[in-house]
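*Asks:* This note's numbering runs 17 ahead of the 1-based position in the sequence shown. Supplied in structure tokens, the structure appears directly below.
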Amino acid sequence: MLRYAYSAAAVCCAATIALAPAAAAAPPDDPNDARTESVNPALSAGVDLLLTSARIGVKALALTIVPLHYFPSFDAIITRESGWNMFAVNPTSGAYGLGQALPPEKMSTHGSDWRFNPVTQLRWTYDYMVDRYGSPDAAWMFWQQNHWY
């Protein structure tokens, strides 16, 4: 089962890496711009579906790391911090990843693959919540009061 989970994570990562830039690089709306092309709605829907599937896969991985009774709080924080996007970057602070580590390199304590491995990011984020707040529930309570954690 664990081997399958890591394989699923690799597929989700590869799909996210391959398609996210294409989705973000949609042509401008200016009809006079030479780069304007028609966007195939089916392709756009397919990209959205694939990215949604990748996020669901990362959530499934989180369920193998985060105890079930803490998952609602963990999910609430990650949803608000990164939208379950393992490549999320805060443009203001530079915080990175699922848990929005600042500085991002802090996640290297859990693996050198922190930039692209959701398992490493999830483990770091869960441990951070436990070390700093005592639990994801306590981290969520803090987040609700401060809108950061």
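Ideal Cβ positions, reconstructed from N, Cα and C, are used throughout, including at glycine.
Just checking my contact of residue 139 with residue 115 at CB under 8 Å: how many whole Å lie between their CB atoms?
*Replies:* Translated into positions along the sequence shown, residue 139 becomes position 122. Translated into positions along the sequence shown, residue 115 becomes position 98. Right, the Cβ-Cβ distance comes to about 6 Å (below 8 Å), so this counts as a contact.
*Asks:* Measuring CA to CA, which of 162, 58, 72 is closest to residue 103?
*Replies:* Position 86 of the sequence shown holds residue 103. With distances taken between Cα atoms, residue 103 lies closest to 72.
*Asks:* Look up residue 136 in the DSSP assignment and say whether it is helix, strand or coil.
*Replies:* Residue 136 sits at position 119 when you count from the first residue of the sequence shown. Reduced to three states, the DSSP call for residue 136 is helix.
*Asks:* To the nearest angstrom, how far is it from the Cα of residue 78 to the Cα of residue 58?
*Replies:* Residue mapping note: residue 78 aligns to position 61 of the sequence shown, counting from 1. Residue mapping note: residue 58 aligns to position 41 of the sequence shown, counting from 1. Near 30 Å, if we compare the C-alpha coordinates of residue 58 and residue 78.
*Asks:* Please report the Cβ distance between residue 148 and residue 90, rounded to the nearest whole angstrom; I am assuming they are in contact, meaning their Cβ atoms lie under 8 Å.
*Replies:* Stepping through the sequence shown from its first residue, residue 148 is reached at position 131. Stepping through the sequence shown from its first residue, residue 90 is reached at position 73. Not a contact, Cβ separation roughly 15 Å.
*Asks:* Once DSSP output is grouped into helix, strand and coil, what is the label at residue 87?
*Replies:* The residue given as residue 87 occupies position 70 in the sequence shown. DSSP places residue 87 in helix when its eight states are reduced to three.
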